[in-house]
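Right, one structure below, let's go through it.
In the numbering used here, the protein residues as written are 28 to 106.
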């Protein structure tokens, strides 16, 4: 979370508002930076589950990038 906060920008937060993404729950990171971080972190289902619960936009995107597809359940997809 600290890394996300440190690498976000106000300009990007304002930009995502155009797509109806609540910017008060966003850090303002481009998807390319999230993908870079996800690649460094690797696949991790437990990390993904914990991060999804935050409700923060980029944190949830990161969770989707690092989760293990074989371990994702239908109930998890409905949350």
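We put the CB at the ideal spot given by N, CA and C, even for glycine.
The structure displayed is predicted, hence computed values, not measured ones.
Pairing residue 89 with residue 71, the inter-Cα distance amounts to about 11 Å. In this structure, DSSP gives residue 54 a state outside helix and strand, which the three-state scheme calls coil. It is roughly 9 Å from the alpha-carbon of residue 40 to the alpha-carbon of residue 48. Counting along the chain, residue 87 sits inside the alpha helix (DSSP H) bounded by residues 84-93. For residue 39, the enclosing alpha helix (DSSP H) starts and ends at 37-43. Residue 104 carries a helical assignment under DSSP once its states are collapsed to helix, strand and coil.
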